[in-house]
Structures are given as structure tokens and as C-alpha cells.
Amino acid sequence: MKPDIQIAREIELKPIQQIADSIGISSQHTEPYGHYIAKVNLDALRPEKIEKSNLILVTAITPTKSGVGKTTVSIGLSLGLNKIGKKAIVALREPSLGPCFGMKGGAAGGGYAQVLPMEQINLHFTGDFHAITSAHNMITALLENYIYQNRNTCEGLSEVLWKRVLDVNDRSLRNVITGLGTSADGIPRQTGFDITPASEIMAILCLATDFEDLRYRLENILLGYRKDGTPFTVKDLGVAGAIMILLKEAIKPNLVQTTEHTPAFIHGGPFANIAHGCNSILATKMAMSYGEYVITEAGFGADLGAEKFYDIKCRKAGVAPKLTVLVATLAGLKMHGGVNEKEIKEPNKEGLLEGLKNLNRHVGNLRKFGQEVVVCFNKFATDTDEEIELVRQHCANNLSVGFAVNNAFAVGGEGATELAQLIVDTIEKKPSQELHFAYDLNQSLEEKVEQIARNIYKASNVTYSSKATKAIKKIQELGLEHFPICIAKTQYSFSSDAKAYGAVEGFELKVADIVINRGAEMLVIIMGDIMRMPGLPKVPQAVNMDIVNGQIDGLS
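Sequential numbering from 1 applies to the sequence shown in UniProt numbering.
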């Protein structure tokens with residue numbers, strides 16, 4: 001089969017206003033970024049239409065290092081729904097340069113289920129990530145200047161919490177010392193970098209509901225503590241207006257098209273292992289304003305992305321999916337069945353059957369949220385009909401969930417019509433249930449963590465480092481325990497051990513630290529040794545990339 005980038009280049013794109021017109025967005029609401037990308041103004045939102053739209057969440061079993069194809073399934077499902085006559089729009093996250101040049105490659109789908117123009121989307125796109133990076137680091141620069149100018153006064157700070165961010169994988173920046181040199185070069189202190197998707201500005205952009213809400217959240221960002229112990233915020237620094245200027249375009253959702261010229265909104269890009277892992281509320285609601293069916297995804301496995309989608313995004317946005325699609329692959333199931341990762345593409349019935357325990361756990365967890373679940377089998381060329389049938393029978397006989405094969409990667413929308421029809425039939429036949437949350441916001445922080453750790457991950461107990469215990473006390477003093485929690489841990493296991501595959505249970509989880517995102521209004525619970533600045537693999541994807549005869553090569 002042709003490489004993704006070749007398929008993308010061979011498709012003749014339609015002018016973006018044609019795509020906007022196809023769903024009823026007039027030119028007065030769009031701001032073109034070239035011929036095939038547009039920003040959509042927030043006044044294009046139609047609140048009266050949102051509640052009538054069918055929101056569908058796409059999540060997955062615990063993924064392999066190369067993923068399970070959620071984005072491809074999400075795009076494919078939107079194509080399939082349009083094929084069967086439904087007005088469907090997909091709403092996705094923006095790719096990060098970190099994984100694009102690191103391990104996973106791009107994040108614009110694959111094969112004949114892509115969002116286009118693929119190269120621009122995977123790289124600089126409309127500059128949203130650059131704006132978020134600049135806004136975050138502008139706050140850092142202004143904060144450092146404040147500290148320097150007030151170093152000998154009572155207005156100085158005793159503790160600084162705010163770091164810097166960069167949209168690359170660079171492990172050497174996790175812990176750094178700044179301000180070295182002469183006294184004119186700043187005040188030396190230990191700090192560090194997170195990757196841009198982990199920035200609180202990213203979370204704020206994705207959770208903001210309008211310009212006023214964006215300003216409010218920016219003002220509330222906790223930067224550190226004064227010498228008297230009181231919190232010091234962006235509002236105290238007096239620069240929220242300047243940061244709003246940097247984000248005034250980034251807050252607007254981006255409209256592009258799929259390989260079959262159907263609409264796609266792409267906006268925001270937090271990772272689900274270190275952040276809340278969902279695209280922006282504004283992009284989702286924009287899609288729901290114009291789509292009969294709206295498909296969105298949550299990052300990594302359902303224990304991370306889907307949980308945060310329900311407990312954080314749905315709470316904030318006041319929306320709920322009518323149905324959740326759980327994506328599975330033979331390779332992923334075999335990995336969780338104990339098959340060596342080098343052999344997971346080979347037939348192995350025993351390993352497959354053992355790996356179904358991971359699927360079972362995720363289905364059970366999603367039902368705890370009151371969700372109707374459909375299993376989507378994402379088909380690869382090496383898969384056998386016999387093993388696919390084993391999964392189908394297991395879903396029917398053991399789980400009583402709908403099952404459909406997705407082959408959109410190979411053939412586009414036609415390969416997802418089975419899945420699309422199943423979803424339409426399920427939504428029409430079964431009334432949607434009320435969304436349940438994993439915890440109550442009024443519970444203590446420790447109780448919230450316990451609810452997820454025991455009920456979703458199946459841990460036996462949770463312990464806290466002295467650093468985390470100190471953070472809890474500060475959270476209580478600040479009156480922030482009512483915030484939802486965002487657990488940061490490995491995406492490869494229910495536990496905090498990245499190599500503990502399957503449906504592991506009865507393990508201990510250790511909370512290493514807690515980060516207060518006062519502006520985003522959530523508490524980031526860091527478990528195990530998860531890093532908010534990833535490193536690069538031994539052979540990064542970047543070594544395979546080049547420009548040949550004026551065209552990008554090696555981008556996948």
C-alpha cells in the first residue's frame with residue numbers, strides 16, 4: 001500500500017470555504033490560512049444545535065508503543081457515517097512536534113482515513129502550539145523579571161512553581177539551572193521544561209468556553225508563593241492582557257478536510273498520559289453546532305483518556321457522549337496476552353485469548369460511566385479472519401457489546417460503513433444513559449485518587465511521597481480540593497509499571513507529586529516515574545525525514 005504521505009498528496013483538495021459551506025459556516029465566520037485551512041470565529045457557535053447533536057467518543061484498549069489507531073478510526077468513522085447519509089464531523093487534537101520527530105510519527109490518521117493537508121497539520125499548522133509555547137514562556141520571562149526586580153524587597157517570592165515549555169522531546173531539559181553568570185544575568189535557581197502539550201496554557205485553551213473564560217483562567221494561574229505564604233498569580237503579575245494577545249487567534253478552532261472532503265475540526269493537543277488528553281471544548285462544540293454526528297477522541301487507553309474526557313471535559317463543557325467506541329487490534333491484544341512484542345503481528349490464538357482480559361477491563365470500566373460501548377476492531381493487513389472472528393465472538397458471547405471491523409485505512413469510508421451503521425442503530429435503539437463520574441467533586445483529593453486507582457486501575461493501595469503530602473496540605477489551605485484530578489502515569493499499563501501488561505491488579509500506586517493547575521482548575525497527580533518532558537528513542541523518527549526535490553520525505 002502507498003505511504004500515507006503519498007496518498008495525501010494524490011488527493012486534490014477542495015478550497016476550505018467549500019468545506020465550510022457544506023456544513024453551513026459562511027465566509028463571514030472563517031479566516032483562511034492559505035487555501036485549505038481556516039480558523040472559525042467563535043460567533044459561529046450555535047448553542048441551540050449542540051444539544052441535538054450525537055457526540056461519540058473514540059477510546060482504546062491499553063495501547064502498544066505504536067498505538068492502536070484511534071485517530072484513523074475516528075476519521076474513518078466520520079467518513080463511514082457520511083457514506084451512509086449522515087452529516088458527520090470529526091473533532092481531533094493537533095499533533096505535537098515531539099512524537100512527530102520522535103517515536104510515533106505524525107497524528108493525522110493514516111492510509112485513506114486522513115485529515116488534510118497532512119504535512120501542514122503535522123508540522124506548524126496554524127501556529128497554535130507556537131502561540132501556547134510563546135504565551136507560557138512569556139509568563140516565565142515576566143515572572144523572572146519580577147523576581148529579579150524585587151529580589152531585595154518584601155514583594156519577592158519564596159517559592160516559584162512555574163517552569164518553561166518546548167514542543168520537542170528533550171530529556172536534558174527536565175531539570176536545569178537558570179540565571180548563571182553575573183548578577184545582571186538573573187537569579188540562579190533550579191527549574192525545568194515540560195513539553196508544550198503538558199503546559200497549563202494548553203489545558204486552559206482546551207477547557208476555555210470563550211474569550212472571557214480564557215482571561216479568567218489565565219489570571220488564576222498559580223505561579224508561586226510570596227514570602228508571607230500567600231499565592232502569587234498571573235493576575236498579581238498584571239500580564240493577563242498581554243498573554244491574551246498571544247492567544248487571541250489560537251483560541252479559534254481550525255477547520256480542515258478529510259481524504260473524502262468531509263469537514264474536520266482540529267484544535268488543542270494535550271497528551272492523556274501527562275495531561276487531560278482531549279481536544280478543545282470550543283472545537284467539539286463547534287462541530288456539534290453543525291454536525292448530526294460528531295466523533296472525537298481521547299488519548300491513549302480508556303483508563304487515561306476516556307476517564308479524563310468524562311470527569312474533566314464533560315463536566316466543564318456540560319456535554320456527554322451518546323456512545324463510546326473502544327478500539328482494539330490483534331497486535332495490542334496479543335501484547336497484553338504475554339506475546340513478545342516482536343511477534344505480536346504473527347498468529348497466536350492463546351496469546352490473543354489471554355489478551356482479551358485487557359479488553360474486558362476497559363469495557364467494564366466504560367460501563368461504570370453509564371456508557372453504551374461498541375468495540376471497533378481496527379484491521380491491519382497481517383490480521384487473519386480466524387482471529388478476528390475470535391474477538392467478534394468474545395464480544396458477542398462474553399461481553400454483549402456490538403462489534404464491527406474498521407478497514408478505513410485501506411479503503412476509506414467504505415471500510416467503516418459497518419461500524420457507522422452499528423453506531424447509528426445502537427444510538428437509535430437504546431436511549432442514552434446519564435453520564436456517571438468516577439468521583440464526586442466534593443470528595444477529598446485522596447478519596448478521588450482512591451476512586452480511580454481502585455475502581456478503574458484495580459490498584460490495592462495508594463501511597464504518597466512527602467512532596468505529595470506537602471502539596472495536599474497546600475491545596476487544602478488554598479481551598480482547591482473541589483477541583484477534578486488529572487492523573488499522570490504511564491499509558492502502557494493500568495499500573496505505573498510500563499511493562500505490566502494485560503489486566504494487572506493488586507499493585508501499589510505511589511503519588512510522587514501534585515501540580516496545582518489553578519487556572520485550568522484541575523490537580524495533576526503525578527504517579528510513578530512518569531515524565532512531563534519525554535525523551536527521544538535510540539533512533540528517532542527525525543533521522544528518516546528530509547526534503548527531497550522540494551517535498552517532505554519520511555513524515556508519517
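Even glycine gets a Cβ: it sits at the ideal position worked out from N, Cα and C.
Look at the region 395 to 434 and you find these whole runs of beta strand (DSSP E), each 3 residues long or longer: 402 to 406. The closest CA to that of Ser199, considering only Leu478, Gly291, Tyr439, Ala275, is found on Ala275.
Residue burial annotation: Asn358 is buried, with at least 16 other C-beta atoms found within 10 angstroms of its C-beta. Between Glu414 and Lys83, the CB-CB gap stays under 8 Å. Leaving aside the five residues that flank His394 on each side, the residues in its chain whose CB is nearer than 6 Å to its CB run, in chain order, Leu356. DSSP places Asn455 in the uninterrupted alpha helix (DSSP H) bounded by 445 to 455. Annotation: Tyr464 is outside any alpha helix (DSSP H); the continuous beta strand (DSSP E) that includes it extends over 461 to 464.
Boundaries of the beta strand (DSSP E) around Leu255: 254 to 258. Ala459 sits close to Leu509, with the two beta carbons spaced by under 8 Å.
Minimum Cα-Cα distance from Leu247 among the listed residues Gln541, Ile204, Ile266 corresponds to Ile204. Here DSSP, grouped into helix, strand and coil, assigns Ser556 to coil. Pairwise C-beta distances place the region 9 to 22 out of contact with the region 327 to 334, as fewer than three of them are shorter than 8 Å. Per DSSP, reduced to three states, the secondary structure at Phe101 is helical. In the structure shown, Asn517 falls within a strand segment according to DSSP collapsed to helix, strand and coil. DSSP links Ile266 through a beta bridge to Leu92, Asn254. Under the three-state reduction of DSSP output, Thr133 falls in the helix class. Asn137 has its alpha-carbon roughly 6 Å from the corresponding atom of Arg164. The DSSP-derived three-state label of Asp21 is helix. Setting aside the 5 residues that flank it on each side, Gly80 is surrounded in the same chain by Ala408, Gly413, Ala416, Thr417, Leu419, Ala420, each with a C-beta closer than 7 Å to its C-beta; the list follows chain order. Per DSSP, Arg226 is one residue of the beta strand (DSSP E) stretching across 222 to 226. The C-beta of Leu523 has 16 or more other C-beta atoms within 10 Å across all chains shown, which makes the residue buried. In this structure Val176 touches Gly192 by the C-beta definition: roughly 6 Å separates them, less than 8 Å.
Distance from the CA atom of Leu207 to the CA atom of Asn348, rounded to whole angstroms, is 43 Å. Between the alpha carbons of Ala264 and Arg215 lies a distance of about 27 Å. It is roughly 20 Å from the alpha-carbon of Ile427 to the alpha-carbon of Ala298. Counting only runs that start and end inside the region 305 to 334, there is no alpha helix (DSSP H) element of at least 4 residues.
The residue from Glu159, Thr233, Thr209, Phe437 with its alpha-carbon nearest to that of Asp43 is Thr209. Within 10 angstroms of the beta-carbon of Asn145 lie fewer than 16 other beta-carbons, which makes it exposed. Going by DSSP, Asn378 is part of the beta strand (DSSP E) stretching over 373 to 378. DSSP places Gln551 in the strand class (E or B) of the three-state scheme. Taking Asp311 as the centre and dropping the five residues before and after it, the same chain places the C-beta of Phe437, Ala438, Pro484 closer than 6 Å to its C-beta, in chain order. DSSP places Lys14 outside any alpha helix (DSSP H), giving it a letter other than H or E.
Boundaries for Asn273: no beta strand (DSSP E) harbours it, and the DSSP string shows neither H nor E there. By the Cβ-count criterion, His267 is buried, with 16 or more other Cβ atoms from all chains shown falling within 10 Å of its own Cβ. Counted as a single uninterrupted DSSP element, the beta strand (DSSP E) harbouring Asn54 occupies residues 54 to 60. The alpha-carbon of Gly554 is positioned some 5 Å away from that of Asn544.
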